[in-house]
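Okay, so here's the structure we're looking at.
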Amino acid sequence: MAISKLLLVFFSLVFFNLSFSWAASDPTYQSLLQCLSEIIPSPNVSAVIVSNNNPSFASILESRIHNARFNRTSTLKPAIIITPSDESHVSAAVICSQKVGFQLKIRSGGHDYEALSYTSDKPFFLLDMYNLRDVSIDIPDESAWVQTGATLGELYYHIWEKSNVHGFPAGVCPTVGVGGHIGGAGYGTMIRKYGLTTDYVIDAKIVNVNGKILDRKAMGEDLFWAIRGAGGANFGVVTAYKIKLVKVPEKVTVFRVERFLDDNGTEVAFKWQTVGATTDPNLFTRMLLQPNTKDKQTTVKVTVMGLYLGDINGLLTLLNKDFPELRLNKENCTEMPWIDSVLWWANFDLGTPPNVLLDRNNKDTKFVKRKSDYVQTPIPKDGLESLWQKMVQNEKVGLTCNSYGGKMDEIDTKESAFPHRKGNLYKIQYSINWDDPSNEADIKYTTQAKAVHEFMTQFVSKNPRRAYLNYRDIDIGSAKTWSYEEGKVYGESYFAENFDRLVDVKTAVDPNNFFRNEQSIPPRSTKTA
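Read in order, the letters of the sequence shown correspond to residues -23 to -1, 1 to 506 in mature numbering (1 follows the signal peptide of the UniProt record, and there is no 0).
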C-alpha cells in the first residue's frame, strides 16, 4: 500500500512538471497567465487555463463535443481552454483575451450543431462554462438561479428534489447546456401551455466587453431583451439566469402511436398539422416522419407522441373528439409524475431513477446535420404524398415536427428577440445522423438533408424563410467581415423583423465586435476587435 501511494505521488509530480514545462514554453499561455494573475487574487490561477499541449486538453475539449463532424484531426482546436469556476474568472478571461489578442468562443453544453461555440478558422481561446453549474431553487418564490454551465438535466433534477408539482418549460435533451438553450429561446413539451423557455427568464448576469458583471437593472432592458432569444454570446458572457418555475400536475400522461402509410399514415399526418396547433394547450404533440423498411420496401413511418398535463381519461376524451384518426387507446398511454415524463422524453426506460439526469458524460457521438423550418399553412395531402417520395429517395433524413399554437399565439413577436410565434402551426427539424467518418459520407448525407429541405421550400414560411437559431445551420449564410449585409442573410431567417433592433443593441454594447462567431449579430460598423 505504501509503495502504491509513493508511485501515485511520483507519477502525479511527473505529470504536473511535464504540464508545467509544456505551458512554460508557450508564450501565449504565459501572456494570458500573467494577465489573469494581475486580475484574479489567487495563487492557483494556472488551474483555470489549459494549453493545447497539456495532457488533459483533449479530454476537456472532447467531453462536450456532440457532433463528430467537428472533432476531426483537421478541425482547428483552441489555443487554450479557460475553465472558470467563478464569475470573476469570466470577467478576467474577457479582459485578458482582448489584451492578448485572441478571439474568445463560449461553450456551455456543446450542442451547437455547427460547433460555432468551440471551433473557428482563426486562432482562439475557448471559455468552457462547465464548472459554473450551480442551481439554487427557491420554491416559496417559485424561482431559481441557474448558472449557464449547468445542463437541463441538472436543472430538472434539482427542481424535482424540492417539489413534485413544479417544473420548467425547457428542452427534452438532458445534456443540453442551460446557457445556449435559454439564450437561443429554448422550448420543450410545455410550449403550448407556457411558451418558450426564455419567456420565464426574469433576471440574468452578463459579463460585458469591459469585463463588468451586470444584472438586469444594470444591463438595461434592451440588452435583457436581446439575450432572450438571440444568443447571449453575441453581446457578452451570460453567467446565470434567474428563472420562474411553472406549476405541473402531480400526474401527467405521455403517449406514442405509430402508423405506416398503408395504415392511415397520410391521414394522420395531414390531420395532425391543424389539431396539434389548435387542441387544448395542456397537450403538446410531436410528429416524427421517418423513412423505414416494411416488408422489404422503404416507406415512411408516422409517429405521434405527446405530453398531456392531466390524466389518461382526460387525454382520451380530448383526442377521441379532436383527432379520431389517431385511434389513441389506453394501452398507448402512461400516467407518471412530471419528472418521469422528462426521463421518458429523453428515451430512458420506465423506472429509471431521476439521478441519471446528473450524468453529463458524452456518449456515442455521431456525425450529424440539422436544418429547420416553420409551417404556417397545412401541407395538402398530395404535398405529403410527394414528400414521402422525396424521403424514400433520401432515406436517412427524418423530420421532427413540433406543435405550436396555445400560449405561442398569445405572446407578441417582439416580446423577446425570438420572433416565430403567432401564425405558425409547427416547427420542423430535419435530422440526419451517420457513423462513417469519411468526407464522402459527409458530402452524401449533408446533400440528402439539403435535398429534402430544398423540396420543402414550397410548403414553408417565406420572405424570409424562417429558421430556429438553436438548430444552427451554416448553409443559411455566414459572416466573413461581419457587415450588416452579411448578417442580414442569416439574421432575418433567425430573427425576422427583430434583426435591426438586435444590430442596434450589438452596436451599443460591443461596437468593436469582440463577441462574434460565424453567424453572430454584426454591429453597424464593420470594425472587428
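Cβ atoms here follow ideal geometry from the backbone N, Cα and C, with glycine treated the same way.
Q: Could you tell me which residues DSSP puts in a beta bridge with E235?
A: As a working note, residue 235 is residue 258 in the sequence shown. Answer by DSSP bridge pairing, in chain order: T280.
Q: Measure the C-alpha to C-alpha separation of P500 and T60 and round it to an integer number of angstroms.
A: In the sequence shown, residue 500 corresponds to position 523, counting from 1. In the sequence shown, residue 60 corresponds to position 83, counting from 1. One C-alpha to the other measures close to 28 Å.
Q) If you draw a straight line from the C-alpha of M(-23) to the C-alpha of T270, how long is it? A) As a first step, residue -23 must be located in the sequence shown, where it is residue number 1. As a first step, residue 270 must be located in the sequence shown, where it is residue number 293. Because the pLDDT at M(-23) is just 46, under 50, the model does not fix this residue reliably, and the point stays unresolved.
Q: Taking G253 as part of the alpha helix (DSSP H), name the residues at either end of that continuous run.
A: By one-based count along the sequence shown, residue 253 stands at place 276. It spans 242 to 255 - the alpha helix (DSSP H) in which G253 sits, taken as one unbroken run.
Q: Using only alpha-carbon positions, find the residue among S380, S23, V333 that is nearest to C150.
A: Counting from 1 along the sequence shown, the entry for residue 150 is found at position 173. Nearest of S380, S23, V333 to C150, Cα basis: V333.
Q: Could you check what DSSP says for F492 in three-state terms: helix, strand or coil?
A: What you label residue 492 is simply residue 515 of the sequence shown in a count that begins at 1. It is coil, neither helix nor strand.
Q) Near M264, which residues of its chain fall below 6 Å by C-beta distance, leaving aside the five closest residues on each side in sequence? A) Sequence index remark: in the sequence shown, residue 264 carries index 287 (1-based). Counting only Cβ-Cβ distances below 6 Å, and skipping sequence neighbours, we find W249, V281, C378.
Q) Do the stretch 127 to 142 and the stretch 108 to 118 meet, that is, are 3 or more Cβ pairs less than 8 Å apart? A) yes
**Q.** Alpha-carbon to alpha-carbon, G87 and V153
**A.** Locating residue 153 in the sequence shown gives position 176, where the first residue counts as 1. Locating residue 87 in the sequence shown gives position 110, where the first residue counts as 1. Those two C-alpha atoms are separated by around 7 Å.
Q: Check the C-beta distance from V71 over to V184 and give it rounded, since I have them as a contact under 8 Å.
A: Residue numbering aside, residue 71 sits at position 94 when the sequence shown is read from its first letter. Residue numbering aside, residue 184 sits at position 207 when the sequence shown is read from its first letter. About 5 Å; that satisfies the 8 Å criterion.
(Q) Can you tell me whether V374 is buried or exposed? The criterion is at least 16 other CB atoms within 10 Å of its CB, across all chains shown. (A) As a working note, residue 374 is residue 397 in the sequence shown. By the neighbour-count rule (16 or more Cβ atoms within 10 Å), V374 is buried.
Q) Hey, E91 and R493: beta-carbon distance below 9 Å or not? A) Indexing the sequence shown from 1 puts residue 91 at position 114. Indexing the sequence shown from 1 puts residue 493 at position 516. Not a contact, by the Cβ cut-off of 9 Å.
Q. Could you give the residue range of the beta strand (DSSP E) that holds M264?
A. Within the sequence shown, numbered from 1, the residue matching residue 264 stands at position 287. 260 to 271 is the extent of the beta strand (DSSP E) around M264.
Q: For N31, count neighbouring C-beta atoms within 10 Å of its own C-beta (all shown protein chains included) and say buried if the count is 16 or more, exposed if not.
A: Residue mapping note: residue 31 aligns to position 54 of the sequence shown, counting from 1. By the neighbour-count rule (16 or more Cβ atoms within 10 Å), N31 is buried.
Q. Thinking just about the alpha-carbon of each residue, which of M313, D317, D299, L292 is nearest to the one in N306?
A. Counting from one through the sequence shown, the residue named residue 306 turns up at place 329. The residue with the shortest Cα to Cα distance from N306 is L292.
Q | Three-way DSSP call (helix, strand, coil) for E131 in this model | A | Position 154 of the sequence shown, counted from the first residue, corresponds to residue 131. DSSP places E131 in helix when its eight states are reduced to three.
Q | Span separating the alpha-carbon of R193 from that of G163 | A | Counted from its first residue, the sequence shown places residue 193 at position 216. Counted from its first residue, the sequence shown places residue 163 at position 186. Those two C-alpha atoms are separated by around 19 Å.
Q. Between which two residues does the beta strand (DSSP E) carrying F79 extend?
A. Numbered from its first residue, the sequence shown carries residue 79 at position 102. Note, F79: premise wrong, no beta strand (DSSP E); not H, not E.
Q. Is the stretch 389 to 396 touching the stretch 472 to 486, taking contact as three or more C-beta pairs under 8 Å?
A. yes
Q) Grouping DSSP H, G and I as helix and E and B as strand, with all else coil, what is L292? A) Here residue 292 corresponds to residue number 315 of the sequence shown, with the count starting at 1. Here L292 sits in helix by DSSP.
Q) Under a Cβ-count criterion, where at least 16 other Cβ atoms within 10 Å of its own Cβ denotes burial, should S502 be classed as buried or exposed? A) Within the sequence shown, the letter at position 525 stands for residue 502. By the 10 Å Cβ count, S502 comes out exposed.
Q. Around the C-beta of V(-10), are 16 or more other C-beta atoms found within 10 angstroms, so that it is buried, or is it exposed?
A. Here residue -10 is taken as the residue at index 14 of the sequence shown, counted from 1. Note that V(-10) scores 43 on pLDDT, short of 50, meaning its location in the model is unreliable and no value can be drawn from it.
**Q.** Identity of the residues DSSP links to M196 by a beta bridge
**A.** In the sequence shown, residue 196 corresponds to position 219, counting from 1. In the DSSP output, where bridge partners are listed per residue, M196 has none listed.
Q) From E227 to W315, what does the alpha carbon distance come to, in whole angstroms? A) Position 250 of the sequence shown, counted from the start, is the residue given in the question as residue 227. Position 338 of the sequence shown, counted from the start, is the residue given in the question as residue 315. Straight-line Cα distance between these residues: approximately 7 Å.
**Q.** Three-state secondary structure (DSSP) of S(-3)
**A.** The count along the sequence shown starts at 1 and reaches residue -3 at position 21. Interpretation of S(-3) is limited by its pLDDT of 49, a score under 50 that renders its predicted location unreliable; no figure is taken from the coordinates.
**Q.** Residue of P258, I498, D299 minimising C-alpha distance to L446
**A.** Within the sequence shown, residue 446 is the residue found at index 469, counting from 1. Ranking the options by Cα distance to L446, first place goes to I498.
Q: Would you kindly check if the distance between the Cβ of S438 and the Cβ of D341 is under 9 Å?
A: Stepping through the sequence shown from its first residue, residue 341 is reached at position 364. Stepping through the sequence shown from its first residue, residue 438 is reached at position 461. The answer is no: Cβ separation not under 9 Å.
Q. Any idea what DSSP makes of A426, helix, strand or coil?
A. For the purposes of this step, residue 426 is taken as the residue at position 449 of the sequence shown. Helix, per DSSP.
Q) So which of S51, D299, E474, G78 has the shortest CA-CA distance to R398? A) Counted from its first residue, the sequence shown places residue 398 at position 421. Considering only alpha carbons, the answer is E474.
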